[in-house]
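Data block below; observations after.
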Amino acid sequence: MQESIHIHPSLSTLRNVIDTLFRLQHHILYRDSSLTYLLKNSLGGDVKAYMFATISPLSTVINETINTLRYAGFATKITNVPQIKTPHLRYKIDELREENARLKQKLFLVKSKSMPSIHSTTSTNSKTLLTSFYSGPPVSSEKQIDDDEKLDIVDEEVGLSI
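Sequence positions in the sequence shown follow the working numbering and run 70 to 231.
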């Protein structure tokens, strides 16, 4: 009995929030009820939400059934635009691009100096090891893709357009 006393104000507040969202008002009172505060992201947010309305075929509870259907009708007025939340991926991609640019600059500086002392003192095995380390695994020329192109491919797969 005590729970039903608290349920009615929460459902009433939920209906008010749904109506406010439908009228596209800017100030929405989510904090008036703990129910609406918890459902804030689902109500008018950027997530996909479902609402189930339970009704009865009995004529003895026809008023409750009609009220439930009206309530569900209000809920159908809400339009959400689901979005993938990936700000951390965009940040990570930007960070990787900056790191890639820094590493390319370092590699260019190392190649431009040509470091004769290293080439003259390293053994053939060390040269082979260094060459394989910097070139990576053997890749056919058809499959070899520039690092920026790889990042663009990852952007497309993740669905980001930067």
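Note that the Cβ used here is the ideal one computed from N, Cα and C, for glycine as well.
- Classified as buried, residue 86 has 16 or more neighbouring CB atoms from the shown chains inside 10 Å of its CB.
- Taking C-beta separations shorter than 6 Å and ignoring five residues to either side along the sequence, the partners of residue 79 in its chain run 102, 104, following chain order.
- Here residue 128 carries a helix assignment [DSSP, helix/strand/coil].
- Straight-line spacing of the CA atoms in residue 82 and residue 121 works out to 18 Å.
- Looking at the backbone, the Cα of residue 111 and that of residue 176 are separated by about 49 Å.
- By the criterion of at least three beta-carbon pairs nearer than 8 Å, the region 158-177 is not in contact with the region 136-144.
- Under the 10 Å beta carbon count, residue 106 is surrounded by fewer than 16 other beta carbons and is classified as exposed.
- Membership of residue 177 in the alpha helix (DSSP H) is indicated by the continuous run 156-182.
- Residue 124 has its alpha-carbon roughly 27 Å from the corresponding atom of residue 92.
- Taking a 10 Å sphere around the C-beta of residue 178, we find fewer than 16 other C-beta atoms and assign the residue as exposed.
- Look at residue 121 here: in three-state DSSP terms it is coil, with no helix or strand label.
- In the DSSP assignment, residue 88 falls within the alpha helix (DSSP H) that extends over 71-91.
- When the five nearest sequence neighbours on each side are left out, the beta carbons in the same chain lying within less than 8 Å of the beta carbon of residue 137 are those of 122, 123, 124, in order along the chain.
- Secondary structure of residue 137 (DSSP, three-state): helix.
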